[in-house]
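Participant: Which chain is which? The protein sequence lines are A and B, in order. The C-terminal residue of the first sequence carries number 1017 in the numbering used here, and the numbering is unbroken. The C-terminal residue of the second sequence carries number 361 in the numbering used here, and the numbering is unbroken. Glycine is no exception: its CB is placed at the ideal position from the N, C-alpha and C atoms. Take this structure, written in C-alpha cells, and hold onto it; I'll ask about it next.
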Amino acid sequence: MNFASLTFWVALIAGFLVLSLLRLGFKKSPLFDSAAFLTLSLFLLGIESWQTVAIFGWVSLAGYIGLHCRHRWQLWLTGILILAPLSYYKYGGFIAEIFSGKRELTQALIPMGISFYSFQILSFIIDSYREKLEKPKFIDYLNYASFFPQIVAGPIERRKDLLPQVKKLRFTLQRNALEVGIPWIVLGLFMKLALAENLALIDLEMKSKAVNAVQVWLEAVFFAFRIYFDFAGYSLIALGLAKCLGIQLTLNFRSPYLTVNLQEFWRHWHVTLSQWFRDYIYFPMGGSRVKFWILNVLIVFLISGLWHGAGWNFLIWGGLHGLGVSLCAYMGQRKFPRIISWVITMTFVTFAWIFFKEPTWEAAWTQIELITNPSSYHLSPNAILKIFSSPKAIILMVMMIVLILGMMLGEFYSLRKGEFYGVFLNRWIQLIMIAGIFLLAPANESGFIYFNF
Amino acid sequence: MWLVSCCISYYGDPEAIFWRQVFEDQNQRAHAARIKADDKPVIFVGGGSSCSFSIHADVLTETTGLQAVNLGGSAGMGYRLLIDLATRHAKRGDIVILHLEPEIFQEHSQKISPLGVKIDLPSGVFHNGHGAYRGNLYEEPIREKIKALKPGAQFLGVLAAKVARRGPMYRYQINEIRENGSLSIKVAEPNSDIEPFKEMASWAKTKGIQAELEWLSQYAQENGIQIFFTLPWESYRIDDIDKQRAEHARHLDEIAKTLPVLRDEKMGAIGDNTLFLDSGFHMTTDGGILRSRSLGTALNLALSSQ
C-alpha cells in the first residue's frame, strides 16, 4: 500500500467506485458500509501480497480472541500470539545471528505494516481489559484494525479514538470532508515525492565510501530530512485520506526539527509510537516516580530501537536517544538560549541517525571514527566537490537545501500561528506544491522507509 | 500539469534532443548505404557512445568491401534500445555488430532508461521497438514508461543552470558528427579517465542476460541476419592491460556460447591514453581508425571462416 505509487490510487478509486455501485443495491445499510470498508482495506492490503493479508488475519483474530480475556495470564498469552509473527519475521534473523553468527538462515521479508497493526491491536486488547470495556462488533473491530489509511505505517491509534469513529463510517465521500482532507494529501505527497525522493537521489550521487568527514555529516543531515519527509509525508497522506472519509487521525509528526530538546523532540516525532511506549511500557514500569527512572527511560528507548529494526545499530540508536532524553530530564529547568539548545538537539539527532541509516553497527562505527578524527575534515571547495559523483548532484543538493529551508520556514510560521503545517494548507502554496510534485519528483521511486519497520 | 511536465522533459532535454537528431541522421545514412550496397549485405554497428566515437563507417567499408553504418548512441539509453536501434535497418543477409560496453549488461541497465524513452518516443512508449525488441522493448507497462518522462528536480536544476550559463546546452553538437557517422570533438585537455580493472566475467552469466542473448540469437536466425558481439576499446592502466584482456576474453567466451563474437589482438583494453578524448571510452580520430580497421579485419576473418 504505497501511497506514492499510481497503482495504489488506481486501486483505491476503482475499489471505491465498484463498492459504491454495489452500495446502491443494498439501500445504504450501515452493515454494508462497514463491510465495504473492510473489503476495500483488505483488497488494498492484498495488492501487496496474500501473505500480508494472511498474517494480518492471524494477528487480528488473535486480538479478537484476546478481547475475551478474564485473567492476566490470558492477556499475556494473547500478546504472545499477536507478537509471534512480528517476532519471527522481524527478529528471527537477528536472534539467529546472535546465536549462530549467520543471519541469512531465517531472513524473511517483513510483512508490510506488521509492527504497526500488531501494536495497535495489542493496545486495543490491553485497553479493553484494563478498562473492562465492552466487546465491539467483530466487523467494527476489524475495521479498527485494518483501516487502510493507517494500517501499514500508522499512526498507531487507540480504541477510544478510532473505534467510535469507524463505527460511524459511511461509504460515501462528502465534499466538505474532501476539501479538508485533500490539502493534507497534497502536502504529504509533496514531502514524499518532491523532497524525500530527491534526497534519496543525493545519497546515491555521493561516493560510496566516504573519506571526508564532511561527507558523513552531509549524508547524515540529508538522511535526517529524508526520513522525516518520507515518514511525515506518509503520515500526512494517511491523515488526509482519513479526513476525506470523515475520520480524524492523530497528527503523527509535529515539526520535530524545530524542537529544542530531546524530550520535546520525541513528543513531536512519531507521536503515536512514543505515546504507545509511554502508556504500555514506561508507565507500567513506574515511569518517573521510581528511584531508577533513568533505567526505565533507557529500557523504553532500547525497545524503541529494536522496534525500528533488528540489529545492533538500531539498539545503539535507541540507547543514544535514551541517554539523551535522560540527560535532558535530569538537567530539568537548566536552560540554554533557545538557538543553542536547538543546535545541540539537532546535532545529537543527526549524529544518532548515522547508526540508524547504516546497515550494520560496524559500518556506522567506521563513519563515527571518521567524524571524530579532525584530520578527516577537508573543507576546501575541491574536497567538497569530490564528495559527489557529478556536478549535477551539487545542483540537486543546492535545490534541496533551498526547498528544505523553505519547508522549515513554513513550519516555523505555522508553529507561531499555533497550527502545525497550517501555512502549507494555503490555496496558493497548495498550487505550488502540486506543480512541485509533477515537476520535481524523480522518475525512479523508492518505497517508504518506514515500510521496513 | 502532468502533460506540461512531460513536455518539458521531452522537448527540454538537450541530451535527448541531440540524440534524436543523431538518429535522424543515421536513418538517412542507413537508407543511403542500402542504396549504395545494391544487393550486397550492409554492416550496421550499434552500441553506446564508444561506438559513436570509435566506429568510422568508411574505414570499415574500406576493410571489408561492404557498406557500413555507425548506429551508435549513448549507454544511458539502455542496452535494449541500443540493440533495437542497431537491428532496425537490418534485412536478410545483413550483418549487425553489437559494439556494447560491458557495463551496460549490469543489472541497473536493464531497467527503463528515461533517456531511451525520450529518444524513442512515441515508439519506445507505445510500439515497443522496431528491431530485435519489436513487441517487448522494455517489458514494462506503458505507465512505467510514461513515468520515465518525469523531469525531476535534478533535470530542472541542471537545465536552469545551463540556461543561466548561456553556454552550449549539451556537450556534443550535431555538427560534430562526421560524414562517416563517427562523433569527433575537440578537447582542451587529454583524457584522464582511465578505467580501473573490472571483473566482468560474471556479468554475462546472469539469467536475464543469458535470456537476452538467446533472444538475439533466435532473432538473428529467424530473420537471416548475422549478429556479432564485440567489445569496445577502453583506456586502462598499462599495468592492468594483460589482466583486463584475460577478463575480457572470459566475458566474450561466455557470450560466444550463444552469439558469435569478434575478437582482435587488443581485446578491448588499450594502454595508450593518447588515443582517447573526454573519456576512457571515447576514441580520437586516430584511435577510431585503428579500432575500425581492427574490427573490419576481425569481421573478415569471421566471415571467411564460415
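Does DSSP put Ala-324/B in a helix, in a strand, or in coil?
Facilitator: On the second sequence, residue 324/B is found 269 positions in, with the first residue counted as 1. If DSSP states are grouped into helix, strand and coil, Ala-324/B belongs with the strands.
Participant: Determine whether the Cβ of Ile-998/A lies closer than 8 Å to any Cβ atom of chain B.
Facilitator: As a first step, residue 998/A is located in the first sequence; it is residue number 434 there, counting from the start. Yes - at least one Cβ of chain B is within 8 Å of the one on Ile-998/A.
Participant: Return the chain-ordered list of same chain residues with a C-beta closer than 7 Å to the C-beta of Gly-869/A, the five sequence neighbours on each side being excluded.
Facilitator: Within the first sequence, the letter at position 305 stands for residue 869/A. Excluding positions up to five away in sequence, the list reads Phe-878, Leu-879, Trp-881, Gly-882 and Gly-883.
Participant: DSSP state of Met-255/B, grouped into three classes?
Facilitator: For the purposes of this step, residue 255/B is taken as residue 200 along the second sequence, with counting starting at 1. If DSSP states are grouped into helix, strand and coil, Met-255/B belongs with coil.
Participant: Taking Cβ positions only, does Phe-952/A come closer than 8 Å to chain B?
Facilitator: As a first step, residue 952/A must be located in the first sequence, where it is residue number 388. No, its Cβ sits nowhere closer than 8 Å to a Cβ of chain B.
Participant: Please confirm if Trp-258/B has its CB atom under 8 Å from at least one CB of chain A.
Facilitator: Mapped onto the second sequence, residue 258/B falls at position 203. It does not; no Cβ of chain A falls within 8 Å.
Participant: Can you give the beta carbon distance from Ser-819/A to Leu-979/A, rounded, assuming they're within the 8 Å contact cut?
Facilitator: Position 255 of the first sequence, counted from the start, is the residue given in the question as residue 819/A. Position 415 of the first sequence, counted from the start, is the residue given in the question as residue 979/A. Going by Cβ atoms, the distance from Ser-819/A to Leu-979/A rounds to 6 Å, so yes, they are a contact pair.
Participant: Would you say Pro-1006/A lies against chain B (beta-carbon separation less than 8 Å)?
Facilitator: Position 442 of the first sequence holds residue 1006/A. Yes, because at least one Cβ of chain B sits closer than 8 Å to the Cβ of Pro-1006/A.
Participant: Cβ atoms of Leu-350/B and Thr-339/B: under 8 Å apart, would you say?
Facilitator: As a first step, residue 339/B must be located in the second sequence, where it is residue number 284. As a first step, residue 350/B must be located in the second sequence, where it is residue number 295. Going by C-beta atoms, Thr-339/B is not nearer than 8 Å to Leu-350/B.
Participant: On the criterion of 16 or more Cβ atoms from any shown chain inside 10 Å, does Arg-991/A qualify as buried, or is it exposed?
Facilitator: By 1-based counting over the first sequence, the position of residue 991/A is 427. When all chains shown are included, Arg-991/A counts as exposed.
Participant: Quick check on DSSP: helix, strand or coil for His-303/B?
Facilitator: Your numbering for residue 303/B matches position 248 in the second sequence. Of the three classes helix, strand and coil, the one that applies to His-303/B here is helix, per DSSP.
Participant: Taking buried to mean at least 16 other C-beta atoms within 10 Å of its own C-beta, is Ala-802/A buried or exposed?
Facilitator: Position 238 of the first sequence, counting from 1, holds the residue named residue 802/A. Ala-802/A comes out buried.
Participant: Note down, in chain order, each residue of its chain lying with its Cβ closer than 6 Å to the Cβ of Lys-217/B, except the 5 sequence neighbours on either side.
Facilitator: Position 162 of the second sequence, counted from the first residue, corresponds to residue 217/B. Taken in chain order, the residues that qualify are Met-224.
Participant: Return yes when the Cβ of Gly-886/A is within less than 8 Å of the Cβ of Phe-865/A, no when it is not.
Facilitator: One-based indexing of the first sequence puts residue 865/A at position 301. One-based indexing of the first sequence puts residue 886/A at position 322. Closer than 8 Å, so yes.
Participant: Take the Cβ of Lys-241/B as the centre, count every other Cβ of all protein chains shown within 10 Å, and call the residue buried at 16 or more, exposed below.
Facilitator: Walking along the second sequence from the start, residue 241/B turns up at place 186. Per the 10 Å Cβ criterion, exposed.
Participant: How should Glu-289/B be labelled, buried or exposed, when 16 other C-beta atoms within 10 angstroms of its C-beta is the threshold for buried?
Facilitator: In the second sequence, residue 289/B corresponds to position 234, counting from 1. The residue is buried, with at least 16 neighbouring Cβ atoms inside 10 Å.
Participant: In angstroms, rounded to a whole number, what distance separates the CA positions of Val-962/A and Ile-766/A?
Facilitator: Numbered from 1 along the first sequence, position 398 holds the residue referred to as residue 962/A. Numbered from 1 along the first sequence, position 202 holds the residue referred to as residue 766/A. So the alpha carbons of these two residues sit roughly 10 Å apart.
Participant: Only counting the same chain, and skipping five residues up and downstream in sequence, which positions put a Cβ closer than 8 Å to that of Ser-168/B?
Facilitator: Residue 168/B sits at position 113 when you count from the first residue of the second sequence. If we look at Ser-168/B and ignore the five residues flanking it on each side, its Cβ neighbours are Gly-131, Met-132, Gly-133, Leu-136 and Ala-203.
Participant: Would you mind sorting Leu-669/A into buried or exposed? The rule is 16 or more other CB atoms within 10 Å of its CB.
Facilitator: Sequence index remark: in the first sequence, residue 669/A carries index 105 (1-based). Reliability fails at Leu-669/A, whose pLDDT of 46 lies under 50, so the model's placement of it is uncertain and no value is given.
Participant: Which residues in the same chain have their Cβ closer than 6 Å to the Cβ of Arg-734/A, if we skip the five residues on either side of it in sequence?
Facilitator: Locating residue 734/A in the first sequence gives position 170, where the first residue counts as 1. Correct list, in chain order: Asp-597.
Participant: For Leu-757/A, I'd like the list of residues in its chain whose CB is within less than 7 Å of its CB, leaving aside the five on either flank, ordered along the chain.
Facilitator: On the first sequence, residue 757/A is found 193 positions in, with the first residue counted as 1. Contacts found: Ala-568, Ile-1001 and Ala-1005.
Participant: Cα-Cα, which of Phe-284/B, Lys-298/B and Asp-175/B is closest to Ile-98/B?
Facilitator: Position 43 of the second sequence, counted from the start, is the residue given in the question as residue 98/B. Looking at the Cα atoms, Phe-284/B is the closest of the given residues.
Participant: Could you tell me the distance, in whole angstroms, from the CA atom of Met-830/A to the CA atom of Phe-789/A?
Facilitator: Sequence index remark: in the first sequence, residue 830/A carries index 266 (1-based). Sequence index remark: in the first sequence, residue 789/A carries index 225 (1-based). The amino acid at residue 830/A is misidentified as Met; the sequence shows Trp. Cα to Cα, Trp-830/A sits roughly 16 Å from Phe-789/A.
Participant: With a threshold of 7 Å on Cβ separation, who are the neighbours of Ala-256/B within its own chain once the five nearest residues in sequence on each side are excluded?
Facilitator: Mapped onto the second sequence, residue 256/B falls at position 201. Only Glu-302, Arg-305, His-306 and Glu-309 meet the Cβ criterion.
Participant: Could you tell me the boundaries of the beta strand (DSSP E) in which Ala-123/B lies?
Facilitator: Position 68 of the second sequence holds residue 123/B. Segment 122-125, the beta strand (DSSP E) holding Ala-123/B.
Participant: Give me the subset of the stretch 198-222 of chain B whose CB atoms are less than 7 Å from a CB atom of chain A, sorted by chain position.
Facilitator: Per Cβ criterion, the list reads Arg-198, Lys-202, Ala-203, Lys-205, Pro-206, Gly-207, Ala-208, Gln-209, Leu-211, Gly-212, Val-213 and Ala-216.
Participant: With a cut-off of 8 Å, does the C-beta of Phe-1002/A fall near any C-beta of chain B?
Facilitator: The residue given as residue 1002/A occupies position 438 in the first sequence. By this cut-off, Phe-1002/A is an interface position.
Participant: Can the beta-carbon of Ile-685/A be found less than 8 Å from the beta-carbon of Ile-659/A?
Facilitator: For the purposes of this step, residue 685/A is taken as residue 121 along the first sequence, with counting starting at 1. For the purposes of this step, residue 659/A is taken as residue 95 along the first sequence, with counting starting at 1. Going by C-beta atoms, Ile-685/A is not nearer than 8 Å to Ile-659/A.
Participant: Can you pull the chain A neighbours of Trp-57/B, defined as C-beta to C-beta under 7 Å?
Facilitator: Working through the second sequence from its first residue, we reach residue 57/B at position 2. Correct list: Phe-1002.
Participant: Would you please state the rounded distance, in angstroms, between the beta carbons of Tyr-291/B and Ala-324/B? I believe it to be under 8 Å.
Facilitator: Stepping through the second sequence from its first residue, residue 291/B is reached at position 236. Stepping through the second sequence from its first residue, residue 324/B is reached at position 269. Confirmed, Cβ separation roughly 5 Å.
Participant: So, is the C-beta of Ile-959/A closer than 8 Å to a C-beta in chain B?
Facilitator: Position 395 of the first sequence, counting from 1, holds the residue named residue 959/A. Cβ-Cβ to chain B under 8 Å: yes for Ile-959/A.
Participant: Between which two residues does the beta strand (DSSP E) carrying Ile-282/B extend?
Facilitator: By 1-based counting over the second sequence, the position of residue 282/B is 227. Counting along the chain, the beta strand (DSSP E) containing Ile-282/B begins and ends at 281-285.
Participant: What in chain B is Cβ-close to Arg-956/A, meaning under 7 Å?
Facilitator: The residue you call residue 956/A lines up with position 392 of the first sequence. The question names Arg, but residue 956/A is Lys in the sequence shown. Simply Gln-209 and Val-213.
Participant: Would you be able to state if there are at least three C-beta pairs under 8 Å between the stretch 768-783 of chain A and the stretch 699-719 of chain A?
Facilitator: In short, these stretches do not touch, since the Cβ pair count stays below three.
Participant: For Gly-236/B, which of helix, strand or coil comes out of DSSP?
Facilitator: Position 181 of the second sequence, counted from the first residue, corresponds to residue 236/B. Gly-236/B falls in the coil class under three-state DSSP.
Participant: Since Phe-976/A is in the alpha helix (DSSP H), which residue starts that stretch and which ends it?
Facilitator: In the first sequence, the residue the question calls residue 976/A occupies position 412. It spans 955-980 - the alpha helix (DSSP H) in which Phe-976/A sits, taken as one unbroken run.
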